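A.B. asks:
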Amino acid sequence: MRRDTLWSWAALAAGLIFLSPVLYTVVLSFQSVEAYYAGGFSFTLKNYAQAFGQYDFLRYLLNSILVSGVVTLGGLAMAVTAAFAFARFDFPGGNLMFAAVVATLMIPSHITLIPNYLTLARAGLLDSYAGLILPALANGFAAFFLRQYIRGIPRALDEAAYMDGARPRQVLWRVIVPISRPAILSMGLYIFIGEWNNYIWPLVALNDRDLYTLQIGLAQLYKENPGEDLVNWPLVMAASTITILPILLGFLLVERHLVRGITMGAVK
Amino acid sequence: MHSRATPYLLVAPLILFVGVFTYVPILTSLDLSFREWDFLSPDRPWVGLENYRLVMSSQEFWNSVRVTALFAAISVPLRLCLALGIASYLVREALPQRLLRGALFLPSVTSTVAIAVVFSWLFATDYGMINAALAALGLPRLHWLQDPGLALWVIIIVNTWKQLGYDIVIYIAGLQAIPQDLYDAAAVDGGRRGHVFRRVTVPLVMPTTYFLLMISVIEAFQVFTVVDVMTRGGPAGATDMLVNLLYRVGFTLFDIGTGSAIAVLLFVLLTALALIKSRVLGRRVHYEA
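Note that the protein sequences, when read in sequence, are chains A and U.
So for the first sequence, the numbering used here puts the first residue at 1; every next one is plus one.
So for the second sequence, the numbering used here puts the first residue at 269; every next one is plus one.
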């Protein structure tokens, strides 16, 4: 018993030390810039007011929520329907298509960077929400993961529904989706976080500041500061906190789903 | 029951998007790598292997290859060793272990840009925390991000800090799949802890190691964000990774042909690595759990 308590304290301490950069970020974001450079501490919300007001982070936040939200919903819809087909139907070309989807996991994404830029430029979709969303929709990992999950659901359930005269679409919606809810939730989180943190694609596809996501806004704010030791660090830390916080809160709520989603996919 | 078209209709959206945004672009990149184009002019003359010749004879490219390979060669083994060591302590399903696992995992879902910004502050020369700690110990302040000899190490530290938790979580899942009776048998035979780790744990967790090795090497060759935010490839090219070079050539110089040639070379390199690894390591992956 005593050994366990000791372990708990040691674990907690180790965890806090490991996360100290994040904790410092949050603390520093409530510090006034004058006090910061004078070496003192005084609590202020000014950095947040400045980030949200003068530096447009409210807009970036809404952009990030919109883009990540649409990518998640659209990506899930595509992945679930395709996974259902791959798991339950035997059709010519099915295995080949599944292999092509899984292979995207191994294909380095940078090779698509220039061509996708050209495709969207030709379609007039650079500097638009659609330009951010469309290339991110197809998610090979989610399709693979959900297919494995659906294969684990007894076929008898589908067959009973078909017996009652259900159509494939109804089997998908009424049988498969409800049973797969935990897996769908895990993949939803996985897609949302990936898109929230996406950097290189919005960096390439955006010029218009009004469309910046948090990642681009934060990088820009940091890069535009004059020199490393003249940076308004408390302001930058407030912007960093805004960028991290939604995922952090979500993480604390649903850590188990997320970890399960990631490990199940990997250990398969 | 259902028509023969049903499965095709179900997979159509995914296949369409995968085709348009992944497979067609591979072919487009290949085609563009044989042309000269600045993104604006109406024609894109065919120049054969000229772009490849240019890339292969440029010092910048070989510098990036060297830097990226060095980054991968140091950070991948570092991550895997640390992760397996830590995971073997955190494998139990008790509260302290779960808490620590959560703490270690958190950075891997956190914004890379924010992490890069925060570590830029930690490693800043005059007001950074690391230098403040060094100064407190009576040691000299270091120019972490301005010294070509140090900057790559900072990038490696930041990357390891961010990715470690993911590796640990995957290793824990792998370790939990090892049957307990093997450990019991080892204990009966009086195996010492380090011995059991080397003779039981390491070989049995090999499939997980193989999986992590594969994805972390591929990931290491694609590192971009941390470098773009912290050093932009500098100082003096000391952290200039291949994707950073590709981004610069393609999107700031708008040399589409050369950029595409770099993309194709990187693609070929990574595919070759994946194939070699599955050949060499495939034979050594034992005991599928």
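We put the CB at the ideal spot given by N, CA and C, even for glycine.
Predicted, not measured: the structure shown is a model, and the values here were computed from it.
1) Which first and last residues belong to the alpha helix (DSSP H) in which residue 498 (chain U) is found?
2) Quick one: residues in its chain with C-beta nearer than 8 angstroms to the C-beta of residue 113 (chain A), no 5 flanking neighbours on either side, listed in chain order?
3) On the DSSP letters alone, give me the boundaries of the alpha helix (DSSP H) that residue 509 (chain U) sits inside.
4) Would you check if the distance between the CB atom of residue 362 (chain U) and the CB atom of residue 498 (chain U) is smaller than 8 angstroms?
5) Which residues in the same chain as residue 476 (chain U) place their Cβ atom closer than 7 angstroms to its Cβ, once the five residues preceding and following it in sequence are excluded?
6) Could you tell me the distance, in whole angstroms, from the CA atom of residue 279 (chain U) to the CA atom of residue 84 (chain A)?
7) What residue range is occupied by the uninterrupted alpha helix (DSSP H) comprising residue 69 (chain A)?
8) For residue 137 (chain A), which option in U:410, U:283, U:432, U:342 has the closest C-alpha, if you only look at C-alpha atoms?
9) Considering only the alpha carbon of each residue, which of U:405, U:399, U:406, U:276 lies closest to residue 412 (chain U)?
10) In whole angstroms, what is the alpha-carbon distance linking residue 521 (chain U) and residue 294 (chain U)?
11) Assign residue 565 (chain U) to one of three DSSP states: helix, strand, or coil.
12) Can you give the beta carbon distance from residue 171 (chain A) to residue 158 (chain A), rounded, assuming they're within the 8 angstroms contact cut?
13) At what residues does the alpha helix (DSSP H) containing residue 199 (chain A) begin and finish?
14) Please classify residue 523 (chain U) as buried or exposed, where buried requires at least 16 neighbouring CB atoms within 10 angstroms.
15) Please list, in chain order, the residues of the stretch 132–148 of chain A that have any C-beta partner in chain U closer than 9 angstroms.
16) Is the stretch 346–355 of chain U touching the stretch 474–494 of chain U, taking contact as three or more C-beta pairs under 8 angstroms?
17) In angstroms, rounded to a whole number, what distance separates the CA positions of residue 555 (chain U) and residue 471 (chain U)?
18) Three-state secondary structure (DSSP) at residue 41 (chain A)?
19) So for residue 233 (chain A), helix, strand or coil by DSSP?
20) How would you list, in chain order, the residues of chain A whose beta-carbon sits under 8 angstroms from the beta-carbon of residue 372 (chain U)?
21) Where does residue 327 (chain U) land, buried or exposed, given buried means 16+ other C-beta within 10 angstroms?
22) Could you tell me whether the Cβ of residue 478 (chain U) comes closer than 8 angstroms to any Cβ of chain A?
23) Can you pull the chain A neighbours of residue 378 (chain U), defined as C-beta to C-beta under 8 angstroms?
24) So who's on the other strand from residue 31 (chain A), going by DSSP bridges?
25) At a CB distance below 8 angstroms, what residues from the stretch 514–538 of chain U approach chain A? Give them in sequence order.
26) If we define contact as Cβ-Cβ less than 8 angstroms, is residue 201 (chain A) a contact residue for chain U?
27) Specify the secondary structure class of residue 314 (chain U) as computed by DSSP and reduced to three states.
28) Give the residues of chain A in contact with residue 286 (chain U), contact being defined as C-beta atoms less than 8 angstroms apart.
C.D. replies: Checking against the coordinates, here is how it stands:
1) Counting from 1 along the second sequence, the entry for residue 498 (chain U) is found at position 230. For residue 498 (chain U), the uninterrupted alpha helix (DSSP H) run begins and ends at 493–498, by DSSP.
2) Start at 1 with the first residue of the first sequence, and residue 113 (chain A) comes out as number 113. Contacts found: 200, 201, 204.
3) On the second sequence, residue 509 (chain U) is found 241 positions in, with the first residue counted as 1. Note, residue 509 (chain U): premise wrong, no alpha helix (DSSP H); not H, not E.
4) Numbered from its first residue, the second sequence carries residue 362 (chain U) at position 94. Numbered from its first residue, the second sequence carries residue 498 (chain U) at position 230. For residue 362 (chain U) and residue 498 (chain U), no; Cβs fall outside 8 angstroms.
5) As a first step, residue 476 (chain U) must be located in the second sequence, where it is residue number 208. Once the five neighbours on either side are set aside, the close Cβ partners of residue 476 (chain U) are 438, 439, 442.
6) Sequence index remark: in the second sequence, residue 279 (chain U) carries index 11 (1-based). Sequence index remark: in the first sequence, residue 84 (chain A) carries index 84 (1-based). Looking at the backbone, the Cα of residue 279 (chain U) and that of residue 84 (chain A) are separated by about 9 angstroms.
7) The sequence position of residue 69 (chain A) within the first sequence is 69, counting from 1. Residue range 57–88 is occupied by the alpha helix (DSSP H) that includes residue 69 (chain A).
8) On the first sequence, residue 137 (chain A) is found 137 positions in, with the first residue counted as 1. When each option's Cα is compared against that of residue 137 (chain A), the closest is U:283.
9) In the second sequence, counting from the first residue as 1, residue 412 (chain U) sits at position 144. For the residues U:405, U:399, U:406, U:276, the minimum Cα distance to residue 412 (chain U) belongs to U:399.
10) The residue given as residue 521 (chain U) occupies position 253 in the second sequence. The residue given as residue 294 (chain U) occupies position 26 in the second sequence. Roughly 21 angstroms between the two C-alpha positions.
11) Any property of residue 565 (chain U) remains undetermined from this structure, which presents chain U solely from 269 to 557.
12) Walking along the first sequence from the start, residue 171 (chain A) turns up at place 171. Walking along the first sequence from the start, residue 158 (chain A) turns up at place 158. Right, their Cβ atoms sit about 5 angstroms apart.
13) Sequence index remark: in the first sequence, residue 199 (chain A) carries index 199 (1-based). According to the DSSP assignment, residue 199 (chain A) belongs to no alpha helix (DSSP H), since it is labelled neither H nor E.
14) Locating residue 523 (chain U) in the second sequence gives position 255, counting from the first residue. Under this definition residue 523 (chain U) is a buried residue.
15) Listed in sequence order: 134, 135, 136, 137, 138, 139, 140, 143.
16) As far as the Cβ criterion goes, the stretch 346–355 of chain U touches the stretch 474–494 of chain U, which means the pair count is three or higher.
17) Within the second sequence, the letter at position 287 stands for residue 555 (chain U). Within the second sequence, the letter at position 203 stands for residue 471 (chain U). Caution applies to residue 555 (chain U), whose pLDDT of 47 falls short of 50 and renders its modelled position unreliable; the model cannot decide the point.
18) What you label residue 41 (chain A) is simply residue 41 of the first sequence in a count that begins at 1. If DSSP states are grouped into helix, strand and coil, residue 41 (chain A) belongs with coil.
19) The residue labelled residue 233 (chain A) in the question sits at position 233 within the first sequence. Helix, per DSSP.
20) Along the second sequence, read from residue 1 onward, the residue named residue 372 (chain U) stands at position 104. Here the neighbours are 15, 18.
21) Here residue 327 (chain U) corresponds to residue number 59 of the second sequence, with the count starting at 1. With fewer than 16 other beta carbons inside 10 angstroms of its own, residue 327 (chain U) counts as exposed.
22) As a working note, residue 478 (chain U) is residue 210 in the second sequence. Chain A, which has no Cβ nearer than 8 angstroms to the Cβ of residue 478 (chain U), makes this no.
23) Residue 378 (chain U) sits at position 110 when you count from the first residue of the second sequence. Result: 22, 197, 244, 247, 248.
24) Start at 1 with the first residue of the first sequence, and residue 31 (chain A) comes out as number 31. Looking at the DSSP output, residue 31 (chain A) shares a beta bridge with A:43.
25) Listed in sequence order: 514, 515, 518, 519, 524, 527, 528, 531, 532, 534, 535, 538.
26) Along the first sequence, read from residue 1 onward, the residue named residue 201 (chain A) stands at position 201. For residue 201 (chain A), the answer is no, since every Cβ of chain U falls outside 8 angstroms of its Cβ.
27) Within the second sequence, the letter at position 46 stands for residue 314 (chain U). Residue state, collapsed to three classes: strand.
28) As a working note, residue 286 (chain U) is residue 18 in the second sequence. Those within 8 angstroms of residue 286 (chain U) in chain A are 100, 101, 104, 138, 140.
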